[in-house]
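Just below is one structure, and these are the notes that go with it.
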Amino acid sequence: QQKVQQSPESLIVPEGGMASLNCTSSDRNVDYFWWYRQHSGKSPKMLMSIFSNGEKEEGRFTVHLNKASLHTSLHIRDSQPSDSALYLCAASRTGNYKYVFGAGTRLKVIA
Amino acid sequence: DAGVTQTPRHEVAEKGQTIILKCEPVSGHNDLFWYRQTKIQGLELLSYFRSKSLMEDGGAFKDRFKAEMLNSSFSTLKIQPTEPKDSAVYLCASRLGGRTQYFGPGTRLLVL
């Protein structure tokens, strides 16, 4: 059964610092990765997605993907207290409907 | 554009009751998903519809959980009979093709 592993389970960073979150899929056929952010009491919202090897940057957020190792990472620079949330990674295959979600990394940014 | 809507937002049920949760996907989306989220298990897929056809009906959740899509703009999830272990947040999500899933606000269910 395909699994998506996320690490660390939880992370505390100071305001203004860099947060780095990791995600790996066990399915060699996966080729899409998604990062969702879920604030407390809210539903998940898509933050970034990546399909190609390399890096993608949007504002303070950068996503890396290494398809050979099926590993993606999310980096948040200049972290803000509003970034405190549960970050969910999901993986899917071309033509397959299903996302498989990881358990998430709980990020807390302290002022 | 309206996002995914879910009703009710909160539900309290006695053990053994039948409850029905409702979802309206984003207009034009052809994929609809039901998930259950708990702190321990995380996000678990319950059902998936593509163009109103049931593609996955939940595996381990089959016996007491039944999702239906009555038309392209309305879906229900019935839990019958409810058990305390069903207490969770139930999320509905929709998407167009293989693109981004959009989640509704969820229904928080408490079974006593």
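Chains Z and V, in that order, are what the protein sequence lines are. Under this note's numbering, the first residue of the first sequence is numbered 425, with each subsequent residue one higher. Under this note's numbering, the first residue of the second sequence is numbered 5, with each subsequent residue one higher. Idealized CB from N, CA, C, for every residue including glycine.
{"Asked": "Alpha carbon of Gly471 of chain Z to alpha carbon of Tyr460 of chain Z, nearest angstrom", "Found": "Reading off the sequence shown, one finds Leu at residue 471 of chain Z, where the question assumed Gly. Rounded to the nearest angstrom, the two C-alpha atoms are 5 Å apart."}
{"Asked": "Contact set for Phe107 of chain V: own chain, Cβ-Cβ below 7 Å, skip 5 residues either direction", "Found": "Val8, Leu95 and Ala97"}
{"Asked": "Nearest neighbour of Ala515 of chain Z, chosen from V:Lys89, V:Thr104, V:Leu100 and V:Glu87 [CA to CA]", "Found": "V:Thr104"}
{"Asked": "As assigned by DSSP and simplified to three states, the class of Pro505 of chain Z", "Found": "helix"}
{"Asked": "Residues that Leu512 of chain Z contacts on chain V, provided the C-beta gap is smaller than 9 Å", "Found": "Gly46 and Leu47"}
{"Asked": "Contacts that Gly483 of chain Z makes with chain V (C-beta to C-beta distance below 9 Å)", "Found": "Simply none; closest approach about 18 Å."}
{"Asked": "Residues that Glu60 of chain V bridges to, as DSSP identifies them", "Found": "V:Tyr52"}
{"Asked": "Rounded separation between Glu439 of chain Z and Gln426 of chain Z - CA only", "Found": "35 Å"}
{"Asked": "Inter-stretch contact (C-beta, 8 Å, three-pair minimum) for the segment 62–71 of chain V and the segment 79–87 of chain V", "Found": "yes"}
{"Asked": "Residue-chain proximity (Lys522 of chain Z, chain V), Cβ-Cβ < 8 Å", "Found": "yes"}
{"Asked": "Asp67 of chain V - DSSP class collapsed to helix/strand/coil", "Found": "coil"}
{"Asked": "Limits of the unbroken beta strand (DSSP E) element including Ser473 of chain Z", "Found": "Lys469 to Ile474"}
{"Asked": "Residues sharing a beta bridge with Met73 of chain V, DSSP", "Found": "V:Ser79"}
{"Asked": "Nearest-angstrom Cα separation, counted from Ser493 of chain Z out to Gly62 of chain V", "Found": "30 Å"}
{"Asked": "Neighbour list for Met470 of chain Z in chain V, Cβ cutoff strictly below 8 Å", "Found": "Thr104, Gln105 and Tyr106"}
{"Asked": "Beta-carbon neighbours of Ala527 of chain Z, restricted to chain V and to distances below 8 Å", "Found": "Gly46"}
{"Asked": "C-beta neighbour in chain V for Ser473 of chain Z, strict 8 Å", "Found": "yes"}
{"Asked": "contact_flag[the segment 37–46 of chain V, the segment 7–23 of chain V] where n(CB pairs < 8 Å) is 3 or more", "Found": "no"}
{"Asked": "Residue-chain proximity (Pro109 of chain V, chain Z), Cβ-Cβ < 8 Å", "Found": "yes"}
{"Asked": "Reduced DSSP secondary structure (H/G/I, E/B, other) of Pro88 of chain V", "Found": "helix"}
{"Asked": "Within chain V, partners of Ser467 of chain Z - CB distance below 7 Å", "Found": "Leu95, Phe107, Gly108, Pro109 and Gly110"}
{"Asked": "Simplified DSSP assignment, three categories, for Asp455 of chain Z", "Found": "coil"}
{"Asked": "Chain Z contact residues for Met59 of chain V, given Cβ-Cβ distances below 8 Å", "Found": "Tyr521"}
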